[in-house]
Amino acid sequence: METIANDKKKVIVKEITNIDEDFAKWYTDIVRKTRLCDYSSVKGCMIIEPYGYAIWENIMRELDNRFKKISVKNCAMPMFIPESLLTKEKEHVEGFSPECAWVTVGGDEVLEERLCVRPTSETLFCDYYKDVIKSYRDLPKLLNQWVSVVRWEKTTRPFLRSREFYWQEGHTAHQSIEEAKDFTIKMLNTYADFIENFLAIPVIKGKKTEKEKFAGALETYTVESIMRDGKALQSATSHNFGDGFAKAFGIKFLDKNNELSYIYQTSWGLSTRIIGAIIMVHGDNEGLKLPPKVAPTQIMIIPIKVKDENNVKKANELYNLLINLGFRVEIDLTDKSPGFKFADSEMRGIPLRIEIGLKDIENEQVVFVRRDNHQKRIIKTINLVESIKYELDDIQKSMFDDAKRFLNSHIDVATNLKELVDKIDKSSGFVRAMHCGEKECEEKLKNDTGITARCIPFDKVLSNNKCAVCGRDAKYEVIFGRAY
RNA sequence: CGGGGUGUAGCUCAGUUUGGCUAGAGCACUUGGUUUGGGACCAAGGGGUCGCAAGUUCGAGUCCUGUCACCCCGACCA
């Protein structure tokens, strides 16, 4: 551990790699030092530690509430998919089979048919829907599950790409293609609103290109966000399946006219990967920076002199008051020095720190220090609760504004290939450009430069009509970038 | 799967070239004391099958053989 004297008072201990020096290492340092997760004995599988899991719990609670408001119900499917079931939809199995994990033996029984550990559960839901959907009265079916899935990735990183990860996957069945499409968009909007307003991460909504869409989907919608290193992270997706799976699985219902027709389906998901986005959108050289709404601990109370009985008593009174008002609060009564506690609280990303020392008790006040902008304010005890509410709201808001400014200043436009590549690499971010829509063109761009189409945005700003990559006639506008 | 690298305390590593006594340091941890408004200090302590297996040798962390794991760069990644 290296220490640098910054000025007379402030000493920075370099526990976290500088964000501009090595972004990847900075990320790993934050994950490990703040104890979000640990590595396990199986490569690519992580132990989500209590602090990391608390973030996930807050995400689950909020998102689950939002799902329930639109009549989505939870259920739980088995973890195993018989091979014959997985292979029913051709595109789907081709997309997933390279990364499937298989069970071939159970106890001393060699299985007649091997079982896939679910990489996603479309096939399980289809198999179930086939039996329970008989009539238009059974529709729509709006189900979701909170589970973990397994994809045998070759390159793994904590939260961003692990072999087992937690997520929710919603699977719905509808009477018409229009209804399915509307629901796909509805879920996309649910995600976008949640990610922007709860996680303070600005997103770009759009549709995936043919090349990038989900295996087996008619169309895939996505919310993309930009990380501080300029790379894109797909934060959530929503798929419209049309009747592709229904036909492969034979899922039919009787409509009002007593005619048999196939159902139309959707699926949509958000995973623990979003925790990686929270880290990479908000974090800085001091560590994690959490928006108040999702932070496991919103307020850290630090008594300055823990050997002083009165100081501890007053700090505890404050703690009990705030806990009872429903704030998520911690109090640091360890015998570390105050400076250590300040830095530790900052590293863990706790939005608001309240210092209380002997001087403060005497003057009936406390000291507020914000994590996002380091502003220090003296607050009279009488104004405490309303001041906390104000600060937490303001922190949430200014963290979003800050991330939004970053996004806006990292989107550029391009009309030809050179410009496209240069702008993505120089300003490191997103570039809007027209595209011909040909799969091969996109493929070549990826092979030559590593750049991919993130989405076809809902909002369009370009007016020219030539593909920036190959020069042919353009089909639509695309946002390009480098992705995680 | 191809190329390169590393395995020694919870973490970061030294020691291996040239084999030698009871395997080290810093951080972290425990206890006691002094401190406490930006990462405190002093003292005493605990913690190791040197990745694993077999071998050479009077003697192996160090040399040989095999094996396993992890990391980086490629390829792959709805």
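According to this note's numbering, the first sequence holds residues -12 to 471 in order.
Yeah, the Cβ is synthetic: ideal placement off N, Cα and C, and Gly gets one too.
Please read all numbers here as calculations on a predicted model, not as lab measurements.
Tell me the residue span of the beta strand (DSSP E) that contains residue i.
i      : result
His158 : Glu151 to His161
Thr91  : Ala88 to Gly93
Lys367 : Lys363 to Lys367
Arg357 : Gln352 to Arg357
Ile443 : Thr439 to Pro444
Cys32  : Looking at the DSSP string, Cys32 is not in any beta strand (DSSP E), and its letter there is neither H nor E.
Give me whichever residues DSSP pairs with residue i in a beta bridge.
i      : result
Val210 : Lys192 and Ala223
Pro145 : Answer is none; Pro145 lacks a bridge partner.
Ala420 : Val465
Asn555 : Given that the chain is displayed from residue -12 to residue 471, the structure contains no residue 555 and the question cannot be resolved.
Cys103 : Ile68 and Trp89
Val456 : Val456 pairs with nothing; no bridge assigned.
Val136 : Phe152
Ser122 : Leu241
Ala470 : Ala219
Val97  : Val92
Asp7   : Partner(s): none; Asp7 has no beta bridge.
Asp347 : Beta-bridge pairing links Asp347 to no other residue.
From what residue to what residue does the alpha helix (DSSP H) around residue i run?
i      : result
Ala390 : Leu371 to Asn395
Arg53  : Pro37 to Lys56
Val18  : Phe10 to Lys20
Ile172 : Ile164 to Asn184
Asp114 : Glu109 to Val119
Ile398 : Looking at the DSSP string, Ile398 is not in any alpha helix (DSSP H); the run it does join, the beta strand (DSSP E), is Ile398 to Val400.
Thr436 : Lys426 to Thr436
Gly82  : Lys77 to Phe83
Lys405 : Leu404 to Lys413
Mind reading off the beta-carbon distance from residue i to residue j? Whole number of angstroms is fine, and I expect it under 8 Å.
i      : j      : result
Ile6   : Asp271 : 6 Å
Trp43  : Ile34  : So it is not a contact: roughly 13 Å between Cβ atoms.
Gln132 : Asn227 : Not confirmed; about 19 Å, so no contact.
Gln285 : Pro338 : 6 Å
Thr159 : Lys128 : 6 Å
Ile366 : Gln352 : 6 Å
Ile238 : Cys113 : 6 Å
Gln252 : Ala223 : Not really, about 18 Å apart at Cβ, beyond 8 Å.
Arg357 : Leu275 : Not a contact, Cβ separation roughly 15 Å.
Thr207 : Lys218 : Their Cβ separation, rounded to whole angstroms, is 20 Å, which puts Thr207 and Lys218 out of contact at 8 Å.
Ile288 : Ile343 : 7 Å
Lys292 : Leu345 : 6 Å
Next on the checklist: Suppose only complete runs of 3+ residues qualify. What are the beta strand (DSSP E) ranges in the region 317 to 345, listed by chain order?
Outcome noted: 339 to 343
Checklist entry - Given 8 Å as the limit, is there contact between the region 361 to 378 and the region 177 to 188, that is, 3 or more CB pairs closer than that? => result no
Item to check | Uninterrupted alpha helix (DSSP H) stretches inside the region 226 to 296 (no shorter than 4 residues) | outcome: 231 to 236 and 260 to 269
Checklist entry - Three or more beta-carbon pairs under 8 Å between the region 181 to 199 and the region 212 to 225, yes or no? => result yes
Next on the checklist: Measuring CB atoms only, is the region 256 to 271 touching the region 292 to 304, in the sense that at least three cross pairs come out at less than 8 Å?
Outcome noted: no
Next on the checklist: Does the structure place the region 155 to 172 close enough to the region 426 to 433 that three or more beta carbon pairs sit under 8 Å?
Outcome noted: no
Checklist entry - Are the region 401 to 412 and the region 440 to 447 touching, with three or more C-beta to C-beta distances below 8 Å? => result no
Item to check | the region 136 to 152 / the region 91 to 111 touching (three or more Cβ pairs under 8 Å) | outcome: yes
Item to check | Meets three-Cβ-pair contact criterion under 8 Å: the region 253 to 262 and the region 308 to 315 | outcome: no
Checklist entry - If we count Cβ pairs, one from each stretch, closer than 8 Å, do we get three or more for the region 419 to 426 versus the region 304 to 312? => result no
Next on the checklist: Tell me whether the region 201 to 208 and the region 452 to 460 touch, counting them as touching only if at least three CB pairs, one residue from each stretch, are closer than 8 Å.
Outcome noted: no
Item to check | Inter-stretch contact (C-beta, 8 Å, three-pair minimum) for the region 41 to 55 and the region 145 to 160 | outcome: yes
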